[in-house]
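In the UniProt record's numbering, the protein residues as written are 1 to 376.
Shown next, in the form of structure tokens:
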């Protein structure tokens, strides 16, 4: 035993890292990683399309082990901006009422786009950028027998408009794997979002992604379900059906082996955190006693739609939440100036059209062609 300054130095705290071991020794579960990204844009924020196109370009130029699929949803009066109906890796969806459709769209991407023989897939927010050059291959290796579901990063740099750092987050999967004490806030926050992947077997076991969060938070609900803590998201002011839906999802999800893929991602700016109103949006669910059973159903294509019990005031409150996000505003803690009354957009055809920002589009001119081949 060796003691220095009263401290024993012969103690070795090394622990075998099963994630790194899998990356070093496993073969990939399949040759390429199927990646699904989605976009819906009821307020027509320009930044969403810009970030998505940048993401697609990076995948095309940098990632030989990725097959990319794009799901786009539009609402009355809109046209498809970033998908082409002739592209077999694109899925175009139409619906009447804007709600949070992200997880529903991913599930439909799995159903309609992935090949019958797929073994794993990822779903990624199109506003992130990977610094790890082997993230896709690493994911395929970790999913081949080591883990069932993984977050595709260990740390995230959250950026302001000028790409200065706002925050650095630990990934949820990383924090769990390192046996950290769970925290939903502060400097050691377990971030549940951005980029995930799972095996086909795991996906089918849980019945798809949890898609009942009409104001978001599906990633948080799923992440907490993976670690058997979904009930901590309950609120006594939520309808019992909503609380129950979280723990019902957890029954199968908690059996999955959760992990992460080492590496850093960067999260690109699209509006202030203040405008996301992460606290205020839950008050909408309480106000309307939101019940996934009473308020939601699926149409023939599988798109989530409101039932007759879903009141117009509820729909308008959700739409107002989308408007108040103001994703095209500048950086910092608050927008530097109000949105202009009108904005100009140019489409591939170079035709310009003046529209009102942050509202559902009026029926477009027949002369404006907005179905573009960004992804071919």
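Think of the CB as a built atom: it goes at the ideal place given N, C-alpha and C, for glycine as much as any other residue.
Our two residues, residue 98 and residue 18, have alpha carbons roughly 42 Å apart in a direct line. Linking residue 93 to residue 306 through their CA atoms gives a straight-line distance of about 16 Å. Ranking 105, 235, 26 by CA distance to the CA of residue 40 puts 105 first. A straight line joining the alpha-carbon of residue 89 with that of residue 69 spans about 5 Å. In the DSSP assignment, residue 156 falls outside any alpha helix (DSSP H) and lies within the beta strand (DSSP E) extending over 155-159. Using a C-beta cut-off of 8 Å, the segment 231-241 makes contact with the segment 277-293, since at least three inter-stretch Cβ pairs fall below that distance.
In its chain, beyond the 5 residues on either side, 170, 188, 190 have a beta carbon closer than 8 Å to the beta carbon of residue 180.
Counting the other CB atoms within 10 Å of its CB gives residue 1 a total below 16, which places it among the exposed residues. As summarised for the segment 90-136, the continuous alpha helix (DSSP H) elements at least 4 residues long and confined to that stretch are 102-112, given in chain order. Inclusion of residue 263 and residue 123 in the CB contact set at 8 Å is not warranted, their separation being larger than that value. Put simply, the segment 306-319 does not touch the segment 247-267. Fewer than three CB pairs are less than 8 Å apart. The alpha carbon of residue 268 has as its nearest neighbour, out of 164, 28, 218, the alpha carbon of 164. CA-to-CA, the gap between residue 38 and residue 4 works out to about 57 Å. Assignment of residue 140 by DSSP, reduced to helix, strand and coil, places it in the helix class. Beta-bridge partners assigned by DSSP to residue 247: none are found.
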